[in-house]
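Heads up: the structure comes next, in structure tokens.
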Amino acid sequence: MTGRKDGPISRLTLTAAVRYRLAEWQSGYAADCKS
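For the sequence shown, the numbering used here assigns the number 3 to the initial residue and increments by one for each residue that follows.
Okay, structure coming up:
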């Protein structure tokens, strides 16, 4: 695994994953608050 090629790609993937998890958590949290 080389940092030159995988660096930017993995960073974007990680950012996308974090945003997805955050949006999922926020939607779930909002649903729990409404209940």
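By construction, the Cβ of each residue, glycine as well, lies at the ideal position given by its N, Cα and C atoms.
Keep in mind the model is a prediction, meaning the values are calculated, not measured.
Closer than 6 angstroms by C-beta to residue i: which residues in its own chain qualify, once you throw out the five before and the five after it? Chain order, please.
{"i": "leucine 24", "result": "none"}
Beta-carbon within less than 7 angstroms of residue i's beta-carbon, same chain only, minus the 5 sequence neighbours each way: which residues are those?
{"i": "leucine 14", "result": "none"}
{"i": "threonine 17", "result": "none"}
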